[in-house]
Every structure is written in C-alpha cells, then in structure tokens.
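To start, the structure itself, in structure tokens.
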Amino acid sequence: MKLQTIMSNPTNEQTENTSKDPIRIGYSLSLTGPVAENTKSARLAHRIWEEDINARGGLLGRKVQLICIDDHGDANQAAEIYTGLLDSESVDLVIGGYGTNTIGASLPVVIERKRFLIGLMGLGVNLHLNYPNYFAMIPTGPKPNTALTEGFFELAAAQDPKPKTVAVLSADAEFSRNPVIGARENAAKYGMEIIHEQTYPLSTEDFSPIIEELGRINADVLFLCSYLKDSIGLVKAIHNGGYRPKIVGGAMIGPQSASVKTELGPLLNGFVNYEYWQPVPKMDFHGVADMLSKYQARAAAEHVDALGYYVAPMAYAQLQVLEQAITATGSLEDDLLADYCRKTAFGTVIGEVRFGENGEWAAPRVVQVQFQDIKDNAIETFWDSEVQVVVSPPEYASGSLAYPYSPGV
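Taking the numbering used here, the leading residue of the sequence shown gets 216, the next gets one more, and so forth.
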C-alpha cells in the first residue's frame with residue numbers, strides 16, 4: 216500500500232548535517248471511520264504539542280516532525296502503515312494510534328522490530344502480549360477491563376434499593392469485548408446478576424425494537440457499550456421508549472463528544488458514563504487549561520470536537536511523556552526510553568502519570584459522569600461541569616448521583 220502521509224513541514228531548513236534533520240515521529244490515526252471525531256481531536260492536540268515543542272527549540276537540539284497517516288479504522292491498514300513507517304520511511308520513533316482495534320494491530324509489528332510505543336486509549340491491548348516496551352495512555356490501570364466499568368457498577372451497588380439484575384447491550388466490535396468482560400466481572404463482584412446479553416451490528420439504524428425487547432426483560436441496570444453514531448440512536452430509543460432501568464450507561468463512546476452532546480441535549484439527562492478528564496476543580500492539572508484554550512480556539516475552524524475534553528488532554532500528555540523521556544535520557548534509543556518510562560513519574564496536563572504492569576497506569580483514574588439538568592442543545596451548556604457531574608470516585612466528585620434514572624433528571 217502506498218502511504219499517504221499527513222505531516223507538518225519542519226520549520227528549520229534542512230542541512231547536510233543529518234544530526235540537524237528533524238526528529239521524525241510516525242503513527243497512524245483513524246481520521247476517517249467510526250471513531251474519526253475522536254481521532255481528529257487527538258490529531259489537533261498532537262499538532263499543538265508539536266508547535267509548542269518546536270517553539271522551545273525542539274528536542275535534542277532538533278525540530279520535531281510528526282508524520283500521521285490515516286488508517287481509516289482498518290486494523291490491516293494500521294499494521295501495514297507501521298511496517299512502512301519503520302521499514303521504508305525509517306522514522307526515528309513511532310507512537311501508538313487511537314483505539315484498541317488499530318493499536319492491537321500495530322503492536323505485533325512494533326514487537327517484531329523491538330521498538331518503543333506509547334499507545335493512545337487502547338484498552339488492554341498488551342494483556343496477553345506482555346511486551347515490556349509498550350505503554351498505555353489510558354487511565355484504566357493494571358486491570359483495564361474491570362477498571363473502565365467498575366465505577367459504574369460500584370455506584371449502582373451503593374444505591375437503596377440496590378439493583379439486582381443487569382442487561383448488557385454492546386456493539387459487535389473489537390472495542391466492546393474487553394468492557395463486556397469487565398462488566399461481567401464487576402456485576403459478580405457487586406452482587407448483581409446478568410440476565411441478558413446482546414450484541415448489535417454497527418450498521419443498526421433503528422434501536423427501538425432492541426429497547427422494546429429489553430423493556431420486556433426489565434433488568435434493573437442497562438449496561439451499554441457503543442460507538443458514537445449508535446450511542447445517539449440508543450439514547451433516543453431509550454428516551455422515547457417505556458423501559459426505565461434504574462441506572463443506564465457505562466461504556467459508551469459518544470456522550471464524551473461535543474457533537475453528540477449538542478445533538479442529544481436534554482435526552483442525555485440521567486445517563487451515567489465513564490470519562491478520563493472533566494473541567495472540575497479537582498482535575499485542574501498544571502497546563503491543562505492552557506492547552507485546551509489553544510485547542511478550543513482552533514477547533515471550529517479545523518472541524519474537530521469543540522470541547523476536546525475526552526481525547527485532547529490524553530493525546531497531548533502522550534507526547535509530553537515521550538518528550539520528557541527523550542529529554543531526560545538524551546536519546547532516541549527505544550530501549551533507553553522504555554526503561555526510563557518504567558521507572559519514572561511524569562508531570563503532564565492530565566496530572567501525574569506513572570506506568571506499571573504491562574505498561575498500563577500503575578493506578579486507575581477513571582471517573583464516572585452523570586448528565587443532569589440539561590435544558591438545551593447549545594455547546595455553551597457543556598463548557599463547564601454544571602450539567603456533567605462527576606459522581607465517582609469521591610476524590611474527584613463534583614456532585615451526587617441522581618437515582619433512579621429518569622429522563623426528567
């Protein structure tokens with residue numbers, strides 16, 4: 216496959232001295248496909264980091280050039296792209312793309328060549344490979360499958376009366392497998408019984424029949440694992456239907472997105488879902504407000520997520536980790552960078568990051584957010600945390616859970 220790259224032009228002139236050539240960092244992102252809205256947000260955050268680091272003189276006395284290739288959300292293309300970047304393009308370093316599907320496909324290529332990789336939001340991709348030079352920029356900790364969903368079930372179990380039964384509805388996609396595994400484990404841990412599991416194809420347009428069936432089953436908890444487009448369809452079908460689980464949400468990709476929030480508006484009221492960062496005082500980490508200010512000033516013109524809260528801080532921090540490792544070691548050697556990452560706590564726009572087993576975060580930091588009292592569909596409604604209430608864990612909470620679920624919340 217011929218690689219079509221999307222790259223920034225180096226701001227310094229090329230010289231005959233190759234030590235002054237830019238440091239070339241290659242990767243793929245799914246800039247088209249079902250998660251494109253999230254990956255475009257990551258791409259802008261990466262470009263802002265690239266501009267910031269080059270304004271400070273680059274790394275090791277050299278400018279930095281990011282080489283980004285669209286993998287279209289196709290795992291086979293992702294593997295092929297990383298092969299080309301490492302074997303033909305001979306980039307200095309690679310970073311991981313966005314998502315379980317494509318990172319999981321690229322990691323074997325990286326392992327074969329014994330390279331260093333920091334992935335972005337891949338859930339549990341190294342659990343069985345155990346590759347020591349892989350690191351995950353996702354705050355799900357050493358047990359990623361369970362950590363992503365535990366807060367949701369822990370919240371449910373703390374309510375009075377405690378819900379007893381669970382229905383699991385998930386997209387038939389690679390991303391869904393690990394969260395569903397975690398949902399099973401957490402339901403058992405918190406004393407709830409899964410009485411129904413169902414998957415749906417990503418091509419599903421009308422979710423009303425599925426929700427009607429779930430209404431007849433009438434589980435207390437409805438756990439959802441969905442992508443952006445189907446999250447919209449599910450929320451609308453639940454709001455318009457008669458099924459009223461006591462708590463609903465869990466592992467939806469979509470409610471984090473500005474376009475989904477503004478399309479659904481008040482229909483999101485009562486839904487509970489995972490997040491990695493929110494604009495609450497307890498998560499005002501050093502540098503995050505400045506980075507998001509730069510991002511949001513450009514988002515509309517670049518047709519990306521207007522808020523950027525879900526992906527942009529993680530994407531910027533991904534490159535901060537790489538930057539700090541290169542600066543501290545004075546090297547681009549993969550083994551040296553990986554060794555440094557295993558031993559070091561990094562200061563980033565998402566707070567302190569320390570890696571542990573399998574390159575996952577040493578401790579999880581997934582927050583649960585409930586949408587409350589949304590009255591309109593305006594983007595301004597979602598700028599702060601007033602309608603997006605962090606309900607767990609307690610150390611980051613900005614409010615309390617409204618229970619049971621009611622569309623009027």
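Heads up, the beta-carbon is just placed ideally off N, CA and C, and yes, glycines get one too.
In this text the structure is predicted, and so the values were computed from the model without any measurement.
Distance, residue j Cα to residue i Cα
| i | j | result |
| --- | --- | --- |
| Ile240 | Ile410 | 47 Å |
| Lys358 | Tyr346 | 16 Å |
| Ser546 | Pro528 | 25 Å |
| Gln511 | Gly406 | 43 Å |
| Ile263 | Val383 | 39 Å |
| Asp550 | Glu478 | 46 Å |
| Thr380 | Met336 | 30 Å |
| Arg513 | Arg431 | 47 Å |
| Val564 | Ile296 | 29 Å |
| Ser615 | Ala320 | 40 Å |
| Phe368 | Leu449 | 20 Å |
| Asn433 | Tyr620 | 13 Å |
| Asn237 | Arg330 | The sequence as given places Pro at residue 237; Asn does not occur at that position. Pro237 and Arg330: Cα-Cα distance of roughly 19 Å. |
| Phe586 | Asn488 | 9 Å |
| His518 | Pro496 | 28 Å |
| Glu408 | Glu428 | 18 Å |
| Val568 | Thr544 | 18 Å |
| Ile541 | Arg392 | 35 Å |
Close Cβ partners of residue i (< 8 Å) along its chain, the five nearest in sequence each way excluded
| i | result |
| --- | --- |
| Ser446 | Leu439, Met467, Ile468, Gly469, Pro470, Val475 |
| Arg271 | none |
| Phe597 | Ala473, Lys476, Thr477, Leu522, Gln603 |
| Asp599 | Pro494 |
| Val250 | Gly288, Tyr313, Gly314, Tyr442, Leu443, Ile468 |
| Ala294 | Ala320, Ser321, Pro323, Val324 |
Buried/exposed call for residue i, threshold 16 Cβ in 10 Å
| i | result |
| --- | --- |
| Ile462 | buried |
| Pro394 | buried |
| Pro354 | buried |
| Met216 | Confidence at Met216 is low in this model, with a pLDDT of 45, below 50, so the placement of that residue should be treated as unreliable; the coordinate-derived value is given next. It is exposed - the Cβ of Met216 has fewer than 16 other Cβ atoms within 10 Å. |
| Thr254 | buried |
| Glu161 | The shown model of the chain, from 216 to 624, leaves out residue 161, and the question about it has no answer. |
| Lys377 | exposed |
| Ala351 | buried |
| Ala504 | exposed |
| Arg277 | buried |
| Ser385 | buried |
Proximity to residue i [Cα-Cα], best of the options
| i | options | result |
| --- | --- | --- |
| Gly339 | Glu595, Glu572, Asp591 | Glu572 |
| Gly356 | Asp285, Tyr491, Arg271, Val309 | Tyr491 |
| Asp520 | Gly397, Glu252, Glu575 | Glu252 |
| His501 | Val584, Gly562, Lys558, Leu551 | Gly562 |
| Leu342 | Ile589, Trp576, Phe586, Gly456 | Trp576 |
| Glu177 | Ile589, Pro609, Glu610, Tyr611 | Residue 177 lies beyond the stretch modelled for the chain, which goes from 216 to 624, so this question has no answer here. |
| Glu420 | Ala362, Tyr442, Ala290, Ile432 | Tyr442 |
| Tyr555 | Leu332, Asp267, Ala260 | Leu332 |
| Asn455 | Val487, Phe422, Leu437 | Phe422 |
| Pro424 | Lys404, Asp236, Tyr458 | Tyr458 |
| Gly574 | Phe586, Thr559, Val564, Ile565 | Thr559 |
| Arg580 | Gly314, Ala320, Pro609 | Pro609 |
| Asp289 | Leu370, Arg569, Thr315 | Thr315 |
| Met498 | Glu517, Lys509, Ala515, Tyr525 | Tyr525 |
| Leu482 | Gly465, Lys451, Asp505, Pro496 | Lys451 |
| Gln535 | Glu548, Gly566, Ile426 | Gly566 |
| Glu538 | Leu274, Glu548, Ala530 | Leu274 |
| Ala371 | Glu595, Gly465, Ser613, Leu244 | Gly465 |
| Arg258 | Ile310, Ala553, Ile594, Phe390 | Ile310 |
| Leu246 | Val584, Gln280, Asp286 | Asp286 |
| Asp260 | Glu327, Arg557, Leu281, Asp307 | A small fix is needed here, since residue 260 is Ala in this sequence, not Asp. Out of Glu327, Arg557, Leu281, Asp307, Leu281 has the C-alpha closest to the C-alpha of Ala260. |
| Asn360 | Glu304, Asn348, Phe390, Leu344 | Phe390 |
Which residues DSSP lists as bridging residue i, in chain order
| i | result |
| --- | --- |
| Arg277 | Leu274 |
| Phe438 | Val383, Gly464 |
| Trp576 | Phe570 |
| Ala351 | Gly334 |
| Leu417 | For Leu417, which the question treats as bridged, DSSP gives no partner whatsoever. |
| Ile409 | Val381 |
| Asn488 | Gly465, Val584 |
| Gln603 | Phe586 |
| Val309 | Gly241 |
| Gly562 | Glu567 |
Closer than 7 Å: residue i CB and nearest the ligand HEM heavy atom
| i | result |
| --- | --- |
| Gln493 | This structure lacks the ligand HEM, and indeed carries no ligand of any kind. |
Beta-carbon contacts of residue i that lie in its chain and below 6 Å, excluding the five residues immediately before and after
| i | result |
| --- | --- |
| Tyr645 | Since the first residue shown for the chain is 216 and the last is 624, residue 645 is missing from the structure and cannot be characterised. |
| Glu365 | Asn401 |
| Val161 | Nothing can be reported for residue 161: it is not among the residues displayed for the chain, which extend from 216 to 624. |
| Ser256 | Val519, Asp520, Gly523, Val526, Ala527 |
| Ala398 | Thr364, Val383, Phe438 |
| Lys509 | Ile263 |
Neighbourhood of residue i by C-beta, 7 Å cutoff - its chain only, sequence neighbours within 5 removed
| i | result |
| --- | --- |
| Asp387 | Thr414, Tyr415, Pro416, Leu417 |
| Gly480 | Ile589, Asp591, Asn592 |
| Thr298 | Val324 |
| Pro622 | His454, Asn484, Gly485 |
| Ile318 | Gly311, Gly312, Gly334, Gly337, Val340 |
| Ala578 | Gly356 |
| Asp302 | none |
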